[in-house]
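Worksheet for the structure shown next.
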Amino acid sequence: MIPVNPSDSTRRRYVRNIVKVYRQATEDQEARGKSWYRTAHQLADMMSGGNVIAGAGVIAALSANKAWDMNRRLAHDAFAGRVHGHTGDALGKVVKIMSGVDPAEVLPMGIKTGNFYRCILDPDDAEAVCVDRHAHDIAYGSPQGNRDRGLSSKGRYAALSLAYRNAAAILGVLPSQVQAVTWVVWTESLAGVKRRPTLERYSHDQ
């Protein structure tokens, strides 16, 4: 778990790690990552019958602790009239969003779920960063398995978001694209599709 207030040297290390993973992407991985949120936006628009705000909100509300395939399946089911497959809190948010409540009033906008919604709603959003466990591990420098990353802390989340925005400035792409491309590289390396990059990691944050 990264500290809530990392030192400047540690922040720079996070940025270097993120940039290194991005630059490990094949052309195919980079293309898939760069188009990820635009494709998700189209999916949200399609499954909601043109109400992309609701579509993006429902997908985000159902995203916690769910693989993407399951996430989109549950969202599709919700718009088909079957709201199921998640915690009562998440399902309550889905019901509110589908009844017309603005997702920004329902979702926790300062952390992962709200930022996931923002990235899907507007793939050109220059500030939103969806920091999930993989995004944390990429910046940290190694997989953390089932350990708690502490991403409910707004301070910790903000530190990681800034690292991705700084990496984006170096790479000349959107922060959400940096996150998505590195997510593709990282998850495929964990699955054995591609060798995982060797990143900078210290036993104690400096």
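Terminal number for the sequence shown in the numbering used here: 337, no gaps in between. Glycine included, C-beta positions come from ideal geometry on N, C-alpha and C.
Exercise. Have a look at Gly231, Gly216, Trp317 and flag the residue whose alpha-carbon is nearest the alpha-carbon of Ala266.
Key: Cα-wise, what sits closest to Ala266 is Trp317.
Quiz item: What residue from Ala206, Leu321, Arg249 has the CA that sits closest to Ala221's CA?
Solution: If we check each option's Cα against that of Ala221, Ala206 comes out closest.
Quiz item: Just the Cα atoms here: how many angstroms apart are Asp336 and Pro134?
Solution: In this predicted model, Asp336 has a pLDDT of only 46, less than 50, meaning its place in the structure is not dependable enough to derive any value.
Quiz item: With respect to the alpha helix (DSSP H) encompassing Val183, which residues constitute its N-terminal and C-terminal limits?
Solution: In the DSSP annotation of this structure, the continuous segment of the alpha helix (DSSP H) that includes Val183 starts and ends at 183-192.
Practice problem: Count the other C-beta atoms from every protein chain shown that fall within 10 angstroms of the C-beta of Leu238, then say buried if there are 16 or more, exposed otherwise. | Solution: Residue environment for Leu238: buried (at least 16 other C-beta atoms within 10 angstroms of its C-beta).
Practice problem: Let me know if Ile190 comes out buried or exposed under the rule of 16 or more other beta-carbons within 10 Å of its beta-carbon. | Solution: Burial is judged here by how many other beta carbons sit within 10 angstroms of a residue's own beta carbon; Ile190 has at least 16 and is buried.
Quiz item: Between the stretch 140-158 and the stretch 291-305, do at least 3 Cβ pairs fall closer than 8 Å?
Solution: With a cut-off of 8 Å, the stretch 291-305 and the stretch 140-158 count as touching, because enough Cβ pairs lie within range.
Exercise. Look at the alpha carbon of Asp279 and the alpha carbon of Asp263, and state the distance between them as a whole number of angstroms.
Key: Looking at the two C-alpha atoms, the distance is approximately 11 Å.
Self-check item: Which listed residue (Gly323, Leu321, Ser307, Ile301) has its alpha carbon closest to that of Arg154
Solution: Minimum Cα distance to Arg154 is reached at Ile301.
Quiz prompt | Distance CB(Ser307)-CB(Ala259) smaller than 8 Å | solution = Contact flag set, yes.
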